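Participant: One structure coming up, written as structure tokens, with questions to follow.
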Ligand code: NAP
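In structure tokens:
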């Protein structure tokens, strides 16, 4: 048996890739992780909406066969020990290619601070972070997972974090014209300061590194510093920018903006910009025009049918998405910039409760709610499921089931604009009716 503790659905077939193109059967098996805290509430609601839309859009000809897999606290319960991310889960995502998940709790303290080799056998400690692996005593101590989500992205090489941000009619927003923002952020997911290479102030490794930088490279760092490494590679930059440009081509988007802080970090963020332009010119020459070329060769008049490739410095893009939001459509960013920028954009159109997301690699894709587990609302059937529902919409589009995706999106917008909403939106709207999570979803299904 391939899986230790999972039950594969009896019916259903695998999503496959042929020559780089996705091939989706009428009854794909899709693994899902319910998630912790509010996860079960929003998952149940999301599943009911997706199933209803698929049934309605394809008159029962298509159907998703859901396959439950586990991570976080539910994995701990099922698999015991410290297995918050079981092999079964990773194998299922690899085998079935497309999966969806609710938010996850990464347990802290008890399950951290063993080296990777010992992580599997670890049964936990409490208290301060130790200097050495508590199992084998090796000096290089790496928490097994800083975060389950980061772990999933790195192990499965889901290198693009994709976050579409648009406004839905009726959603309260802090800006005057929220409808002008309609962007999709492609954030690099595997490197930059998220590579997890950092050394604690005063540790042997930090001192070793500081001494090396002084002796071999003549660079001064204060002795009492923590030190982190920020790698940005040609490989990861180009595959991310390629995904962003492909998206723009496939979805008729007018421009792709490379976001960076290259004026200060020339060989990491500046290089991200340069390699991005290099890729655009070498692989998409007949489809793109750079901003420089637009000024030099086209008298600032955009030629028909081309995609504009431009770049903006990170601090400037935060102003631009507020002041001139309609000039941007696809944003390609290194890891940290993308983290900040996607949340800032989401806030402009109504906050994280409505922001969907996906982590996508070459063949694997994991769709997810972007908020956390909101533990205080666990089991209350209270919170807004829209982030996970809209992640489901992204997933349906990824499967090329656009009719069902469209149906959910329109119906969600109608439900919100009729002011029948969950508590988080109700408290910001005049005259709205407050619904439970399950009631909100029934309304969406009713409105399809
Ligand atoms: P959080 O769970 O996102 O909750 C913070 C607040 O955001 C909630 O108290 C609530 O605000 C609002 N909120 C979140 N989701 C909502 C929803 N669906 N509907 C309505 N309101 C919602 O953030 P956190 O408290 O910082 O993190 C809690 C846990 O989640 C931590 O263990 C963290 O590690 C984990 N986490 C997981 C993920 C993930 O798996 N992707 C992401 C982030 C955090 P009000 O109470 O003001 O209404």
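Numbering (our numbering), first residue to last: 26 to 473. All C-beta atoms in this analysis are idealised placements derived from N, C-alpha and C, irrespective of residue type, glycine included. The structure presented is a predicted model; accordingly, all values stated were derived computationally and were not measured.
For residue 449, verify whether its CB is less than 8 Å away from any heavy atom of ligand 2.
Facilitator: Looking at this structure, you won't find ligand 2 anywhere; what it does contain is ligand 1.
Participant: Using the Cβ count rule (16 or more neighbours within 10 Å means buried), how would you classify residue 253?
Facilitator: To locate residue 253, count along the chain shown from 1; it is residue 228. Exposed, by the Cβ-count rule.
Participant: Is it buried or exposed for residue 529, if we count other Cβ within 10 angstroms and need 16 for buried?
Facilitator: With the chain covering 26 to 473 only, the question about residue 529 has no answer from this structure.
Participant: Opposite residue 213 in the DSSP bridges: which residues?
Facilitator: Within the chain shown, residue 213 is the residue found at index 188, counting from 1. Answer is 185.
Participant: With a threshold of 8 Å, establish whether the CB of residue 441 neighbours any heavy atom of ligand 1.
Facilitator: Counting from 1 along the chain shown, the entry for residue 441 is found at position 416. Every heavy atom of ligand 1 is 8 Å or more from the Cβ of residue 441, so no.
Participant: Look at residue 55 and residue 99 and say whether their C-beta atoms are less than 9 Å apart.
Facilitator: Translated into positions along the chain shown, residue 55 becomes position 30. Translated into positions along the chain shown, residue 99 becomes position 74. Not closer than 9 Å, so no.
Participant: Indicate whether the contact test is met: 3 or more Cβ pairs, each with one atom in the region 272-279 and one in the region 350-357, closer than 8 Å.
Facilitator: Touching, yes.
Participant: Would a C-beta distance cut-off of 9 Å place residue 75 and residue 52 closer than the cut-off?
Facilitator: Taking the first residue of the chain shown as position 1, residue 75 is located at position 50. Taking the first residue of the chain shown as position 1, residue 52 is located at position 27. In this structure, residue 52 does not lie closer than 9 Å to residue 75 by Cβ.
Participant: Could you have a look at residue 459 and say whether DSSP puts it in helix, strand or coil?
Facilitator: Taking the first residue of the chain shown as position 1, residue 459 is located at position 434. Residue 459: strand per DSSP, three-state reduction.
Participant: Go ahead and pull the three-state DSSP assignment for residue 222.
Facilitator: For the purposes of this step, residue 222 is taken as the residue at position 197 of the chain shown. Coil, per DSSP.
Participant: For residue 378, which of 42, 397, 330 has the nearest alpha-carbon?
Facilitator: Position 353 of the chain shown holds residue 378. The shortest C-alpha separation from residue 378 is found at 397.
Participant: For residue 410 versus residue 466, is the C-beta spacing smaller than 9 Å?
Facilitator: The residue labelled residue 410 in the question sits at position 385 within the chain shown. The residue labelled residue 466 in the question sits at position 441 within the chain shown. Yes, the Cβ-Cβ distance between residue 410 and residue 466 is below 9 Å.
Participant: When the Cα of residue 212 is compared with those of 448, 94, 238, 365, which residue comes out closest?
Facilitator: Residue mapping note: residue 212 aligns to position 187 of the chain shown, counting from 1. Taking only the C-alpha atoms, the option nearest residue 212 is 365.
Participant: Going by C-alpha distance, which of 289, 195, 288, 389 is nearest residue 453?
Facilitator: Taking the chain shown and counting its residues from 1, one reaches residue 453 at position 428. Here the closest residue by C-alpha is 195.
Participant: So which of 125, 203, 359 has the shortest CA-CA distance to residue 290?
Facilitator: For the purposes of this step, residue 290 is taken as residue 265 along the chain shown, with counting starting at 1. With distances taken between Cα atoms, residue 290 lies closest to 359.
Participant: Does the Cβ of residue 125 lie closer than 8 Å to at least one heavy atom of ligand 1?
Facilitator: Within the chain shown, the letter at position 100 stands for residue 125. Flag unset: Cβ of residue 125 not near ligand 1.
Participant: Give the single residue among 257, 334, 373, 176 whose Cα lies nearest to the Cα of residue 308.
Facilitator: Numbered from 1 along the chain shown, position 283 holds the residue referred to as residue 308. Here the closest residue by C-alpha is 334.
Participant: Is the region 328-344 in contact with the region 183-199, if contact means three or more CB pairs nearer than 8 Å?
Facilitator: Not touching, per the Cβ criterion.
Participant: Cβ of residue 312 within 8 Å of any heavy atom in ligand 1?
Facilitator: Walking along the chain shown from the start, residue 312 turns up at place 287. No, the Cβ of residue 312 stays beyond 8 Å of every heavy atom of ligand 1.
Participant: Just to confirm the assignment, what range does the alpha helix (DSSP H) spanning residue 113 have?
Facilitator: Position 88 of the chain shown, counted from the first residue, corresponds to residue 113. Its alpha helix (DSSP H) spans residues 112-121.
Participant: Ligand 1 heavy atoms versus the CB of residue 377: any closer than 8 Å?
Facilitator: For the purposes of this step, residue 377 is identified with residue 352 of the chain shown, where counting begins at 1. The answer is yes for residue 377.
Participant: Using 10 angstroms around the beta-carbon of residue 174, count the other beta-carbons present and answer buried if the total reaches 16, otherwise exposed.
Facilitator: The residue labelled residue 174 in the question sits at position 149 within the chain shown. Under this definition residue 174 is a buried residue.
Participant: Rounded to the nearest angstrom, how far is the Cβ of residue 486 from that of residue 66, given a contact under 8 Å?
Facilitator: Shown here, the chain extends from 26 to 473; a query on residue 486 therefore has no answer.
Participant: For the pair the region 32-50 and the region 115-123, tell me if three or more CB-CB distances fall below 8 Å.
Facilitator: The region 32-50 vs the region 115-123: in contact.
Participant: By the 10 Å Cβ neighbour count, where 16 or more other Cβ atoms means buried, how is residue 321 classified, buried or exposed?
Facilitator: Position 296 of the chain shown holds residue 321. Exposed: under 16 other Cβ atoms inside 10 Å.
Participant: So residue 432 packs on residue 82, CB below 8 Å; how close in whole Å?
Facilitator: Here residue 432 corresponds to residue number 407 of the chain shown, with the count starting at 1. Here residue 82 corresponds to residue number 57 of the chain shown, with the count starting at 1. Right, the Cβ-Cβ distance comes to about 5 Å (below 8 Å), so this counts as a contact.
Participant: Helix, strand or coil for residue 378, going by three-state DSSP, please let me know.
Facilitator: Here residue 378 is taken as the residue at index 353 of the chain shown, counted from 1. Residue state, collapsed to three classes: helix.
Participant: Ligand 1 and residue 464: does the residue's C-beta get closer than 8 Å to at least one heavy atom of that ligand?
Facilitator: Along the chain shown, read from residue 1 onward, the residue named residue 464 stands at position 439. For ligand 1, not one heavy atom lies less than 8 Å from the Cβ of residue 464.
Participant: Let me check you understand the geometry: is the CB of residue 173 closer than 8 Å to at least one non-hydrogen atom of ligand 1?
Facilitator: The sequence position of residue 173 within the chain shown is 148, counting from 1. Checking the Cβ of residue 173 against ligand 1 gives yes.
Participant: Quick one: what does DSSP say residue 440 is sitting in, helix, strand or coil?
Facilitator: Along the chain shown, one-based indexing puts residue 440 at 415. Of the three classes helix, strand and coil, the one that applies to residue 440 here is helix, per DSSP.
Participant: In angstroms with no decimal places, state the Cα-to-Cα distance between residue 241 and residue 300.
Facilitator: Position 216 of the chain shown holds residue 241. Position 275 of the chain shown holds residue 300. Cα to Cα, the separation comes out at about 28 Å.
Participant: For the alpha helix (DSSP H) holding residue 30, just list the boundary residues, first then last.
Facilitator: Counting from one through the chain shown, the residue named residue 30 turns up at place 5. That residue, residue 30, is in no alpha helix (DSSP H); it is neither H nor E in DSSP.
Participant: In whole angstroms, give me the CA-to-CA distance for residue 92 and residue 32.
Facilitator: Residue mapping note: residue 92 aligns to position 67 of the chain shown, counting from 1. Residue mapping note: residue 32 aligns to position 7 of the chain shown, counting from 1. Cα to Cα, the separation comes out at about 8 Å.
Participant: Could you check how far apart the C-beta atoms of residue 226 and residue 250 are, in whole angstroms? I think they sit under 8 Å.
Facilitator: Translated into positions along the chain shown, residue 226 becomes position 201. Translated into positions along the chain shown, residue 250 becomes position 225. That pair is a contact at about 6 Å.
Participant: Excluding the 5 residues flanking residue 287 on each side, which residues of the same chain have their C-beta closer than 6 Å to its C-beta?
Facilitator: One-based indexing of the chain shown puts residue 287 at position 262. Closer than 6 Å at the Cβ level, and outside the excluded window around residue 287, lie 294, 295, 298.
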